[in-house]
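First up is the structure itself, then whatever we jot down about it.
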Amino acid sequence: MTTIIWIVVALVAVALYLSWTAGRLDRLHARIDAARAALDAQLLRRASVAQELATAGVLDPAASIVLYESAHAARSAEPDQREVAESELSQALRAVFDDPETAAQVREAPGGTAAVGELTQAVRRVPMARRFHNDAVRAARAVRRHRVVRWFRLAGHAPFPLAFEMDDEPPPALTAERGATAL
Amino acid sequence: MKIGIVCPYSWDVPGGVQFHIRDLAEHLIRLGHEVSVLAPADDAPPKPGGLGGAPTLPPYVVSAGRAVPVPYNGSVARLNFGFLSAARVRRWLHEGRFDVIHIHEPASPSLGLLSCWAAQGPIVATFHTSNPRSRAMIAAYPILQPALEKISARIAVSEYARRTLVEHLGGDAVVIPNGVDVEFFARAEPRKQWQGGTIGFIGRIDEPRKGLPVLMRALPRILEERPETRLLVAGRGDTEEAVEGLPAAVRERVEFLGMVSDDDKARLLRSVDLYVAPNTGGESFGIILVEAMSAGAPVLASDLDAFAQVLDQGAAGELFVNEDADELAAAAVRLLADPARRAELRARGSAHVRRFDWSVVGGDILAVYETVTDGAASVATDERTTLRARFGLARD
Numbered sequence: 001m002t003t004i005i006w007i008v009v010a011l012v013a014v015a016l017y018l019s020w021t022a023g024r025l026d027r028l029h030a031r032i033d034a035a036r037a038a039l040d041a042q043l044l045r046r047a048s049v050a051q052e053l054a055t056a057g058v059l060d061p062a063a064s065i066v067l068y069e070s071a072h073a074a075r076s077a078e079p080d081q082r083e084v085a086e087s088e089l090s091q092a093l094r095a096v097f098d099d100p101e102t103a104a105q106v107r108e109a110p111g112g113t114a115a116v117g118e119l120t121q122a123v124r125r126v127p128m129a130r131r132f133h134n135d136a137v138r139a140a141r142a143v144r145r146h147r148v149v150r151w152f153r154l155a156g157h158a159p160f161p162l163a164f165e166m167d168d169e170p171p172p173a174l175t176a177e178r179g180a181t182a183l
Numbered sequence: 184m185k186i187g188i189v190c191p192y193s194w195d196v197p198g199g200v201q202f203h204i205r206d207l208a209e210h211l212i213r214l215g216h217e218v219s220v221l222a223p224a225d226d227a228p229p230k231p232g233g234l235g236g237a238p239t240l241p242p243y244v245v246s247a248g249r250a251v252p253v254p255y256n257g258s259v260a261r262l263n264f265g266f267l268s269a270a271r272v273r274r275w276l277h278e279g280r281f282d283v284i285h286i287h288e289p290a291s292p293s294l295g296l297l298s299c300w301a302a303q304g305p306i307v308a309t310f311h312t313s314n315p316r317s318r319a320m321i322a323a324y325p326i327l328q329p330a331l332e333k334i335s336a337r338i339a340v341s342e343y344a345r346r347t348l349v350e351h352l353g354g355d356a357v358v359i360p361n362g363v364d365v366e367f368f369a370r371a372e373p374r375k376q377w378q379g380g381t382i383g384f385i386g387r388i389d390e391p392r393k394g395l396p397v398l399m400r401a402l403p404r405i406l407e408e409r410p411e412t413r414l415l416v417a418g419r420g421d422t423e424e425a426v427e428g429l430p431a432a433v434r435e436r437v438e439f440l441g442m443v444s445d446d447d448k449a450r451l452l453r454s455v456d457l458y459v460a461p462n463t464g465g466e467s468f469g470i471i472l473v474e475a476m477s478a479g480a481p482v483l484a485s486d487l488d489a490f491a492q493v494l495d496q497g498a499a500g501e502l503f504v505n506e507d508a509d510e511l512a513a514a515a516v517r518l519l520a521d522p523a524r525r526a527e528l529r530a531r532g533s534a535h536v537r538r539f540d541w542s543v544v545g546g547d548i549l550a551v552y553e554t555v556t557d558g559a560a561s562v563a564t565d566e567r568t569t570l571r572a573r574f575g576l577a578r579d
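So the protein sequences, as listed, match chains C and P. With this note's numbering, letter number 122 in the first sequence gets 122, and the count goes up by one each step, no holes. Position in the second sequence (first residue = 1) + 183 = this note's numbering.
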């Protein structure tokens with residue numbers, strides 16, 4: 001009799017542990033989804049501001065074209081090309097705002113201060129959002145690699161999470177002015 | 184935005200983390216956000232007449248009960264745990280309906296960890312200390328990990344703190360330094376009797392890690408070269424013990440000011456010709472250096488990782504080799520004799536500290552809040568952690 005009780009207790013304990021781990025994974029996947037949505041929003045915002053600046057006529061024609069091209073490519077990139085396209089936008093932004101004079105010139109144009117401010121915010125938040133996303137991905141991967149999770153297929157059909165890798169270095173001229181700190 | 188902030192240490196005891204949370208909460212309230220701080224505090228009703236009892240809490244602080252002193256991590260820490268605290272955390276989360284909660288020191292076995300367990304939704308956490316990995320931490324890892332992985336965004340107060348965080352817990356964090364009200368220090372009125380060849384030191388006298396003994400060893404050599412120098416020491420501790428072993432002539436040049444108010448601290452930093460931070464370790468940020476630079480004091484600090492970073496690798500203030508009293512003395516003598524270099528350091532320091540002002544730091548923290556609340560529901564109590572919920576018995 002006691003053996004049966006012990007077996008039942010053990011089974012209940014295992015079931016509880018599995019249910020708890022599944023809940024934990026579920027939460028981690030939800031966290032990745034939220035982080036990914038936030039990252040998408042920030043990337044889109046950055047590309048929009050860049051495109052706006054490119055078409056506003058406040059930059060010289062060559063810079064406008066470079067910026068427009070890369071912003072457009074970043075916005076319309078296929079999912080598997082996205083990391084490359086967004087990295088190229090970062091490079092284009094760095095090239096265009098290489099000279100601190102450029103930012104000063106844009107500011108002088110009507111509505112320029114707001115546009116530069118918005119761009120500064122966007123280039124600051126992209127690395128933040130990306131770091132939070134990749135942190136969530138790492139946490140989920142650590143749990144999913146666990147033996148119990150693999151044996152009992154606790155992750156279900158959720159795809160194995162992938163980090164978002166890109167060059168997100170902001171143009172120094174933009175961050176230095178706000179005194180923004182290193183990320 | 185409705186923001187809930189969790190403070191792990193007693194609100195009644197002054198400390199760096201508490202001050203940081205107070206300033207952050209007040210800054211956010213000024214910007215029009217709704218802020219509630221959950222902190223351990225004595226909630227015994229004040230006695231009639233206002234004497235004794237608990238000091239009144241600011242309106243935005245909610246007490247989580249009295250912190251219990253227990254031995255933890257080599258010293259006696261005042262922590263909150265147990266059913267009562269856990270219940271209060273749940274109630275606070277439930278009633279607050281926050282858009283985001285910001286937990287400080289989530290790995291300490293106190294309110295931070297309890298809130299991590301009890302909450303779900305956008306959680307931001309700031310790691311202040313960079314404790315070396317302890318055995319307790321390794322043993323607690325399986326308990327800690329499920330709680331810490333709920334955190335959507337991690338903030339480290341310095342690059343150094345971030346490195347230790349990554350090494351110990353994995354993952355990544357953004358670096359946002361502690362904030363300082365730069366204007367408050369820059370506007371303080373210098374005091375005549377604290378001026379004229381003075382060196383300043385602020386910190387606990389009897390805490391060797393604050394480095395006063397190193398400065399005391401260097402003092403005779405500084406006085407040899409510049410006999411008119413005076414050392415002003417602000418902070419609590421045994422003053423007799425601090426000057427033990429020093430010749431009487433040297434003792435005369437040391438002035439103990441005891442505990443000073445915030446205003447006096449600012450005035451002291453405004454008055455001195457040189458601020459020395461000889462800390463020997465255990466620092467993850469170095470807020471005092473930022474305060475000194477805000478007040479326009481030239482800074483000479485030991486070359487701890489955290490200090491070097493705050494001083495921009497020596498560009499905004501001078502560094503000496505940690506615990507090297509000879510080098511400290513030589514650098515201090517050189518700086519005291521060179522008004523042009525001091526003026527240069529003042530100018531560089533004042534420009535450098537703008538990035539630590541609350542307007543910038545607060546903006547960065549808000550940017551983190553907004554990033555994690557984008558595309559996420561608000562904070563709620565996590566019902567999955569209770570047994571009843573696991574069997575589907577929890578009422579909604």
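Virtual Cβ for every residue (Gly too), placed ideally from N, Cα, C.
Buried or exposed: which applies to Met1 of chain C, given that a residue is buried once 16 or more other Cβ atoms fall within 10 Å of its Cβ?
Exposed.
Is there a Cβ of chain C sitting closer than 8 Å to that of Val357 of chain P, yes or no?
So yes, Val357 of chain P belongs to the interface.
Residues from the stretch 336–367 of chain P in contact with chain C, defined by Cβ distance under 8 Å
So the list reads Ala336, Arg337, Glu342, Gly353, Gly354, Asp355, Ala356, Val357, Val358, Ile359, Pro360, given in the order they occur along the chain.
Let me check understanding here. Comparing Cα to Cα, which of P:Tyr458, P:Val551, P:Arg517, P:Ala344 lies closest to Thr381 of chain P?
Taking each of P:Tyr458, P:Val551, P:Arg517, P:Ala344 in turn and checking the Cα distance to Thr381 of chain P, the smallest one comes out for P:Tyr458.
Using a Cβ cut-off of 9 Å, pull out every chain P residue sitting near Asp168 of chain C, in sequence order please.
Residues of chain P passing the Cβ test: none, with the nearest at roughly 12 Å.
Starting from Leu28 of chain C, find everything on chain P with Cβ-Cβ shorter than 8 Å and list it in chain order.
For Leu28 of chain C, the C-beta contacts it makes with chain P under 8 Å involve Glu332, in order along the chain.
Buried or exposed by the 16-neighbour rule on C-beta atoms within 10 Å, applied to Gln201 of chain P:
Flag for Gln201 of chain P reads buried.
State the DSSP-derived secondary structure class of Lys185 of chain P, mapped to helix, strand or coil.
In the three-state scheme derived from DSSP, where H, G and I count as helix and E and B as strand, Lys185 of chain P is classed as strand.
Nonlocal neighbours in the same chain, by C-beta distance under 8 Å from Ile186 of chain P, ignoring five residues either side:
Apart from sequence neighbours up to five positions away, the residues of its chain that approach Ile186 of chain P with a beta-carbon distance below 8 Å are Leu211, His216, Glu217, Val218, Ser219, Phe281, Asp282, Val283, Ile284, His285, Tyr552, ordered along the chain.
Taking a Cβ distance cut-off of 8 Å, strictly less, list which residues of the stretch 402–431 of chain P are near chain C, in chain order.
Closer than 8 Å at the C-beta level to chain C, one finds no residue of the stretch 402–431 of chain P.
As a quick exercise: from P:Leu221, P:Leu483, P:Phe384, pick the residue whose alpha carbon is nearest that of Ala250 of chain P.
Closest by alpha carbon: P:Leu221.
Which ranges would you report for the alpha helix (DSSP H) in the stretch 327–400 of chain P if only whole runs of at least 4 residues count?
Counting whole runs of 4 or more residues, the stretch 327–400 of chain P contains the alpha helix (DSSP H) stretches 342–352, 365–370.
Buried versus exposed call for Glu501 of chain P [16 or more other C-beta atoms within 10 Å across all chains shown]
With a threshold of 16 other beta carbon atoms within 10 Å, Glu501 of chain P meets it and is buried.
Taking a Cβ distance cut-off of 9 Å, strictly less, list which residues of the stretch 28–53 of chain C are near chain P, in chain order.
Flagged, chain order: Leu28, Ala30, Arg31, Asp33, Ala34, Ala35, Arg36, Ala37, Ala38, Leu39, Asp40, Ala41, Gln42.
Just the chain P side, please: which residues come within less than 7 Å of Ala129 of chain C by C-beta, in chain order?
Residues of chain P passing the Cβ test: Thr554.
Just mark Glu474 of chain P as buried or exposed, buried being the case when its beta carbon has 16 or more other beta carbons within 10 Å.
Result: buried.
Count the other CB atoms, across all protein chains shown, that sit within 10 Å of the CB of Thr113 of chain C; report buried if there are 16 or more and exposed otherwise.
Under this definition Thr113 of chain C is an exposed residue.
For Gln303 of chain P, which of P:Ile334, P:Leu327, P:Ile321, P:His287 has the nearest alpha-carbon?
Of P:Ile334, P:Leu327, P:Ile321, P:His287, the residue nearest in Cα terms is P:Ile334.
Thr312 of chain P versus Ala339 of chain P: straight-line alpha-carbon distance, rounded:
Roughly 9 Å between the two C-alpha positions.
Less than 8 Å between CB atoms is the rule here; does Phe132 of chain C satisfy it with respect to chain P?
True, the Cβ-Cβ gap to chain P drops below 8 Å.
Starting from Val245 of chain P, follow the beta strand (DSSP E) in both directions and report where the run begins and ends.
Counting along the chain, the beta strand (DSSP E) containing Val245 of chain P begins and ends at 244–246.
Give the straight-line distance between the Cα atoms of Arg153 of chain C and Arg147 of chain C, rounded to the nearest whole angstrom.
Arg153 of chain C and Arg147 of chain C: Cα-Cα distance of roughly 10 Å.
Does DSSP put Gly441 of chain P in a helix, a strand or coil?
Three-state result, Gly441 of chain P: strand.
Cβ pair Gly394 of chain P, Ala480 of chain P closer than 8 Å:
In this structure, the beta-carbon distance from Gly394 of chain P to Ala480 of chain P does not fall below 8 Å.
Buried or exposed: which applies to Ile326 of chain P, given that a residue is buried once 16 or more other Cβ atoms fall within 10 Å of its Cβ?
Ile326 of chain P is exposed by the Cβ-count criterion.
Cut-off 6 Å between Cβ atoms - residues of its own chain near Pro403 of chain P, not counting five sequence neighbours on either side
For Pro403 of chain P, same chain residues with a beta-carbon under 6 Å away, outside a window of 5 residues either side, are Val433 in chain order.
So that I know if they touch, is there some Cβ in chain P lying closer than 8 Å to that of Ala139 of chain C?
True, the Cβ-Cβ gap to chain P drops below 8 Å.
Proximity test, Cβ basis, 8 Å: His203 of chain P and chain C:
So, not an interface residue.
Figure out for me which residue from C:Met128, C:Ala140, C:Asp98 has the closest Cα to the Cα of Gln42 of chain C.
Minimum Cα distance to Gln42 of chain C is reached at C:Met128.
Residues that Gln303 of chain P contacts on chain C, provided the C-beta gap is smaller than 8 Å
Under the 8 Å cutoff, chain C gives Arg27.
What residues in the stretch 79–113 of chain C bring their beta carbon closer than 7 Å to a beta carbon of chain P?
Taking 7 Å as the Cβ-Cβ cut-off, the stretch 79–113 of chain C has no residue approaching chain P.
Just how far apart, CA to CA, sit Arg31 of chain C and Gly57 of chain C?
If I take the Cα positions, the gap works out to 40 Å.
Residues that Glu217 of chain P bridges to, as DSSP identifies them:
Residue pairing by DSSP places Glu217 of chain P opposite P:Lys185 in a beta bridge.
Rounded to whole angstroms, how far is the Cβ of Val168 of chain P from the Cβ of Arg337 of chain P, which I believe are closer than 8 Å?
Outside the shown range of chain P (184 to 579) lies residue 168 of chain P, about which nothing can therefore be said.
My guess is that Phe439 of chain P and Val455 of chain P are in contact by the Cβ rule of under 8 Å, so how many angstroms apart are they, rounded?
The C-beta distance from Phe439 of chain P to Val455 of chain P rounds to 15 Å, too long to fall under 8 Å, and the pair is not in contact.
Counterpart residues of Ser76 of chain C in DSSP-defined beta bridges:
Looking at the DSSP output, Ser76 of chain C shares a beta bridge with no other residue.
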